[in-house]
Every structure is written in structure tokens, then in C-alpha cells.
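The working numbering numbers the first residue of the sequence shown as 172 and each following residue consecutively. For every residue, glycine included, the Cβ atom is placed at its ideal position computed from N, Cα and C. Remember, predicted model here, so these are calculated numbers, not experimental data. Right, one structure below, let's go through it.
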Amino acid sequence: MAQTIYVLNGPNLNMLGVREPEKYGAATLADVERLCGDTCKRFGLDMVFRQSNIEGELVTIIQEARLKKAAGIVINPAAYTHTSVAILDALTLTELPVIEIHITNVHQREPFRHHSYVSKVAKAVMAGFGVQGYSLAIQGLAAMIGAKEK
Ligand code: DQA
Numbered sequence: 172m173a174q175t176i177y178v179l180n181g182p183n184l185n186m187l188g189v190r191e192p193e194k195y196g197a198a199t200l201a202d203v204e205r206l207c208g209d210t211c212k213r214f215g216l217d218m219v220f221r222q223s224n225i226e227g228e229l230v231t232i233i234q235e236a237r238l239k240k241a242a243g244i245v246i247n248p249a250a251y252t253h254t255s256v257a258i259l260d261a262l263t264l265t266e267l268p269v270i271e272i273h274i275t276n277v278h279q280r281e282p283f284r285h286h287s288y289v290s291k292v293a294k295a296v297m298a299g300f301g302v303q304g305y306s307l308a309i310q311g312l313a314a315m316i317g318a319k320e321k
């Protein structure tokens with residue numbers, strides 16, 4: 172049976188393509204979903220792709236990943252990266268490999284973006300590759316969970 176990974180997106184990422192394109196680029200979230208789907212397919216992975224603007228909803232989806240026995244999680248927690256102990260706790264309880272991804276290089280931006288709660292649990296962090304970072308994050312996770320390119 173194919174392994175499933177969850178690709179999760181936090182607040183305001185539904186506005187990709189419109190939101191500060193000079194920072195986040197022109198791709199929409201639908202484009203990102205297609206890119207992630209194509210990458211997963213290369214590695215024979217099934218994908219659940221979700222976005223929510225609501226912290227508690229993200230917590231519930233993360234718990235669902237554990238219940239559904241997902242193989243790992245790629246997450247762009249967006250602004251909750253810098254604020255959310257609840258998302259850190261949810262990711263921790265899954266005991267799944269977590270890859271944190273940011274479209275921008277958060278370390279070049281305002282000081283409040285330099286701290287990440289999620290990094291406490293993430294196996295790896297990808298930042299500054301634009302939306303291509305999602306594909307790179309999935310490739311890294313695939314290697315971690317032993318999914319080979321077809
Ligand atoms: C982001 C960086 C965060 O600081 C910001 O709040 C976001 C997007 C990124 O992908 O670069 O919403 O996670």
C-alpha cells in the first residue's frame with residue numbers, strides 16, 4: 172500500500188499569487204498543490220493537501236494525520252510558525268517526521284520571524300527557495316521514509 176504524506180498550509184497561504192507577490196511569487200496555492208502532487212507521484216506517495224486560516228483547525232488536521240497513519244508531514248505553518256505552541260504540541264504528538272517549509276528566507280526578514288516553535292520538532296527546515304521548496308521538502312521527506320523515485 173502506498174504511503175501517505177500530509178502537506179499542510181497555514182494562514183494567508185490561500186492568498187498566494189495575490190499576496191505580496193514580490194516576496195511570495197506569482198504561483199497560487201492551486202499551483203503549489205499541483206507541484207506537490209506531481210512530486211508525490213514521482214515517489215509513489217499519496218498526498219493529503221490542506222490549508223487553513225484557523226489554528227485549531229490545523230491542530231485537528233495534524234491529529235488526523237496521526238490517526239490515518241500518515242508517513243510524514245510537510246508544513247508551512249505561516250505566521251503560526253512564530254506563535255503557536257498548540258501546533259508544536261500537535262506535531263510532537265504525531266511522532267511523525269515533520270519538514271518545515273517557508274517560501275521566503277524568514278531569517279532575512281523581521282526579527283519576529285526568526286524564531287520558530289515548529290523547528291523544535293521539525294527534522295529539517297526549508298526556507299527561501301520559493302514555492303519550489305515544497306517539492307524539495309517532499310523529496311527530503313521521501314528519502315527519510317524510504318520512498319524511492321519511480
Ligand atoms: C512564511 C513566512 C512567515 O513568516 C509568514 O507569516 C507567512 C509565510 C513563508 O512561507 O515564507 O505567512 O511561512
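Check	Outcome
T210 beta carbon near the ligand DQA (any heavy atom closer than 7 angstroms)	no
Length of the line joining the Cα atoms of I309 and I246	10 angstroms
Buried versus exposed call for G304 [16 or more other C-beta atoms within 10 Å across all chains shown]	buried
Beta carbon nearer than 6 angstroms to a non-hydrogen atom of the ligand DQA	N183, N247, A249, A250, T252, H273, I274, T275, V277 and R284
DSSP state of E281 mapped onto helix, strand, coil	coil
Whole-angstrom C-beta distance between G208 and A134, which should lie under 8 angstroms	Nothing can be reported for residue 134, as the shown portion of the chain is limited to 172 through 321.
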